[in-house]
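Here's the structure we're looking at; comments come further down.
Residue numbers (the numbering used here): 123 to 306.
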C-alpha cells in the first residue's frame with residue numbers, strides 16, 4: 123500500500139520550509155499525475171514521485187552530489203514508498219539510469235515546471251493560463267531566459283514519446299489545474 127498523500131505532504135512541509143520549493147514539488151506532482159493518466163499508469167505512484175523528488179533539496183543545495191541520496195535514505199524508513207518511486211527520484215537528478223517511463227517522465231518534468239513558472243511571471247498577466255505555445259517556444263529559444271532550466275532535459279520528453287510542444291502544453295495545463303496553489 124502506498125504512502126497516503128497527506129503523509130507525504132507532512133514530509134514535504136517538514137523538509138521543505140521554503141514556500142517556492144513546495145510550490146515546485148506540487149507542480150511536478152501535478153504534471154506527473156497528468157502524465158500517468160495519459161499513459162495509463164498509476165497516478166498515485168507517479169504523483170508521490172513528483173511530490174517527494176526534491177525532499178532533501180534544502181539539505182543538499184550546497185552538495186549537489188548528495189541530492190536524492192538523503193531522500194532515498196529517509197524514504198526507505200517509511201512504509202508505502204516502493205523502490206520504483208525511489209529510483210525515479212534518483213533518476214530525475216541523473217544519478218541512476220532512466221529505465222522506466224516514470225523515470226523518464228520525472229526527468230523532463232522537473233526543469234519544465236520551473237521554466238513554465240518563469241514564463242508565467244514574464245507574461246503581463248502573470249497567469250499560467252495566459253501563456254500559449256508560441257510564447258513558451260519563444261522563451262525556450264532564449265538561452266538566457268530561465269537559464270537554470272536545462273533545455274536538453276526538457277526536450278528528453280521525446281523519451282516518453284511526446285513532441286516538445288505537446289509536452290510543454292500538457293505540463294502547462296496540469297499546472298493550470300493547481301494555479302491557485304501555485305499563485306499563478
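Every residue gets a Cβ at the ideal spot worked out from N, C-alpha and C, and that includes glycine.
Residue i versus the options, residue with shortest Cα-Cα distance
i	options	result
residue 284	258, 227, 208 and 247	227
residue 223	280, 264 and 286	280
residue 240	135, 299, 142 and 229	142
residue 197	162, 170 and 282	170
residue 306	184, 286, 246 and 179	246
residue 140	187, 179 and 163	179
Beta-carbon separation (whole angstroms), residue i vs residue j, contact threshold 8 Å
i	j	result
residue 147	residue 293	Contact flag wrong, Cβ pair sits at about 14 Å.
residue 289	residue 268	Incorrect: roughly 16 Å between the Cβ atoms, too far for contact.
residue 177	residue 133	6 Å
residue 173	residue 205	Not a contact, Cβ separation roughly 17 Å.
residue 125	residue 200	6 Å
Contacts around residue i, its chain only, beta-carbon distance under 6 Å, and the 5 residues preceding and following it disregarded
i	result
residue 194	208
residue 233	271, 272, 275 and 276
residue 145	304
residue 252	245
Where residue i falls: helix, strand or coil (DSSP)
i	result
residue 175	coil
residue 125	coil
residue 221	coil
residue 245	coil
residue 133	helix
residue 163	coil
residue 271	coil
residue 187	helix
residue 306	coil
residue 197	helix
Nearest-angstrom Cα separation, counted from residue j out to residue i
i	j	result
residue 273	residue 262	7 Å
residue 254	residue 291	8 Å
residue 304	residue 257	20 Å
residue 275	residue 137	26 Å
residue 250	residue 265	21 Å
residue 168	residue 244	29 Å
residue 149	residue 297	6 Å
residue 127	residue 203	11 Å
residue 282	residue 260	23 Å
residue 242	residue 129	30 Å
residue 225	residue 163	12 Å
residue 349	residue 302	Missing from the structure shown is residue 349; the chain here goes from 123 to 306 and no further.
residue 135	residue 221	30 Å
residue 248	residue 287	21 Å
Cut-off 7 Å between Cβ atoms - residues of its own chain near residue i, not counting five sequence neighbours on either side
i	result
residue 165	155, 158 and 159
residue 215	189 and 190
residue 212	190, 194 and 218
residue 181	192
8 Å Cβ shell around residue i - same chain, five flanking residues per side excluded
i	result
residue 230	275, 276, 277, 278, 279, 281, 282 and 289
Closer than 7 Å: residue i CB and nearest the ligand HEM heavy atom
i	result
residue 284	This structure lacks the ligand HEM, and indeed carries no ligand of any kind.
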